[in-house]
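Peer 1: Here it is, the structure, as structure tokens.
Number of protein chains: 2
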Amino acid sequence: MDQNTDDVRRKRPPERDLDAMDRKLLGVLVEDATTSYAELGERVGLSPPAAHERVKRLRRSGAIRRVSALIDPDAVGKTLLAFVHVDTTGWGKTQALLAIEECPEVEEIHSVAGDTCMLLKVRTESTHALEGLLARLYDTPGVKATRSYVVLSTYLERPVQPGTTSDWPAVVKG
Amino acid sequence: MDQNTDDVRRKRPPERDLDAMDRKLLGVLVEDATTSYAELGERVGLSPPAAHERVKRLRRSGAIRRVSALIDPDAVGKTLLAFVHVDTTGWGKTQALLAIEECPEVEEIHSVAGDTCMLLKVRTESTHALEGLLARLYDTPGVKATRSYVVLSTYLERPVQPGTTSDWPAVVKG
DNA sequence: GATGAAAGTTACTCAAG
DNA sequence: CTTGAGTAACTTTCATC
């Protein structure tokens, strides 16, 4: 189909499904990937070599995509966060539209189902920079309209978590 | 576009503003935080001790929030991504609403300006799990309505980037 | 998997230019 | 900031049970 999605969605054969131990390891490494294998094993109930072996497998299988330094947006001057809905004429997944991924301010590009076509997560230094990005969007062929949701406060922002609600011991519902 | 020179906004503990070298270091560490200080220094044009000293400062100042293992959503079974707009009666920043951060499926919670109050980024294993989350939202006092944008394809998803478009020497237009 | 041990890197600190 | 040196710590592998 298209090769544009190859960087984001790696289709790898999952050799084995992740068990509870793998999830615990991932949980620790998501919080702090600098954890040594000694402490890692201790926190999940495994010997250091066993922990190392499993983490190595998690990396090789692609379950761990990469180890990244998460930086404070304010520290690099990016104080403005916004979600931009993009309406297009026809099918919005054009090469020209996806080209905005070259802007470091654009952190996410999704096609969505709903009353809009594409959804962008954008982090800029200022409203002026956001305006520049919107201007570029409107210059893109096929872009009909945009709707921006400027973030006032962020209460939670974290990476993909290995756990699910169903992992909880009990779910209390009324 | 020139930026104001008397722009003195020291609200955090950044002792000094990040220079170009710090941004280059961050750029490398965002891509791969396992890079050794030897290679790190080589790639930015610094000696290993100098690179180490700067990275240590970046961590201490909070510019590097944490080093995290970014995991593949598919590997942990989270194949469904959705953005949920939440409309509330009155001011939506209630304690009850923010309590959903306990769900590992909820990755982001923002209050936004626009035709909605709160914006959630949610990643679940299935549509059924998403339904369960929406049910919990509707059980929350003050929640009037929700609008979900289910992601069909993700074309880009990356952490906060240290660079900006203005860093570029020239802007290439398609 | 657990244990123990070995070898190679790297982190980290400190000297001096 | 650079070079160089040095120790401690960790990674990584392997042989053993």
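Top to bottom, those sequences are chains A and B. Residue 1 is where the first sequence starts when you use UniProt numbering, and the numbers rise one by one after that. Residue 1 is where the second sequence starts when you use UniProt numbering, and the numbers rise one by one after that. For every residue, glycine included, the Cβ atom is placed at its ideal position computed from N, Cα and C.
#1: Could you check if K144(B) is buried or exposed, using at least 16 other CB atoms within 10 Å of its CB as the buried criterion?
#2: Assess, as a yes-or-no matter, whether the stretch 133–142 of chain B is touched by the stretch 75–91 of chain B under the definition of 3 or more beta carbon pairs within less than 8 Å.
#3: Where does T165(B) fall in DSSP's three states?
#4: Would DSSP call V160(A) helix, strand or coil?
#5: Anything in chain A within Cβ reach of H52(B), meaning under 7 Å, just list it in chain order.
#6: Report the residue from E101(A), S111(A) and D72(A) whose alpha carbon sits nearest the alpha carbon of E157(A).
#7: The alpha helix (DSSP H) spanning L120(A) covers which residue range?
#8: Closer than 8 Å, Cβ to any Cβ of chain A: which residues of the stretch 22–41 of chain B, in chain order?
#9: So, are the CB atoms of C117(A) and D87(A) less than 8 Å apart?
#10: Taking 8 Å as the threshold (C-beta atoms), are P141(B) and V30(B) in contact?
#11: Hey, L137(B) and T146(B): beta-carbon distance below 8 Å or not?
#12: Return helix, strand or coil for T79(A), following the three-state DSSP convention.
#13: For R57(A) and G27(A), what's the separation of their Cα atoms in angstroms?
#14: Check the Cβ of P159(B) against every Cβ in chain A and list those closer than 7 Å, keeping chain order.
#15: Within its chain, find whatever has a CB closer than 6 Å to the CB of L97(A); leave out the 5 residues flanking it on each side and keep chain order.
#16: Taking its Cβ as the centre, do 16 or more other Cβ atoms sit within 10 Å of E107(B), making it buried, or is it exposed?
#17: Could you check the C-alpha separation between W91(B) and T94(A) for me, to the nearest Å?
#18: Buried or exposed, going by whether 16 or more other CB atoms sit within 10 Å of the CB of E105(B)?
#19: Who are the near neighbours of S47(A) in its chain, counting only those whose CB is closer than 6 Å to its CB and skipping five residues on each side?
#20: Please report how far the alpha carbon of K24(A) lies from the alpha carbon of V44(A), in whole angstroms.
#21: Using three-state DSSP, classify L134(B) as helix, strand or coil.
#22: Does P162(B) come within less than 8 Å of chain A when only Cβ atoms are used?
#23: Looking at the structure shown, is A96(A) part of a helix, part of a strand, or coil, going by DSSP?
#24: Of the residues D22(A), H52(A), G77(A) and T154(A), which one's Cα is nearest the Cα of T165(B)?
#25: Short of 7 Å in beta carbon distance, which residues of its chain neighbour A38(A), apart from the five on each side in sequence? Order them along the chain.
#26: Which term fits R66(B), buried or exposed, when burial requires 16 or more other beta carbons within 10 angstroms of its beta carbon?
#27: Could you say which of D115(B), S111(B) and E101(B) lies nearest to R123(B) if we only look at CA atoms?
#28: Return the residue from the list P162(A), D17(A), V150(A) and V55(A) that minimises the CA-CA distance to T35(A).
#29: Taking just the CA atoms, how far does T154(B) sit from A75(B)?
Peer 2: The structure says:
#1: exposed
#2: yes
#3: helix
#4: coil
#5: Those do not exist, as H52(B) stays about 14 Å from chain A at its closest Cβ, beyond 7 Å.
#6: D72(A)
#7: Premise fails: L120(A) lies in the beta strand (DSSP E), M118 to T124, not in any alpha helix (DSSP H).
#8: R23, L26, L29, V30, E31, D32, A33 and T34
#9: yes
#10: no
#11: yes
#12: coil
#13: 15 Å
#14: S68 and L70
#15: T140
#16: buried
#17: 39 Å
#18: buried
#19: G41
#20: 6 Å
#21: helix
#22: yes
#23: helix
#24: G77(A)
#25: P48
#26: buried
#27: E101(B)
#28: V55(A)
#29: 16 Å
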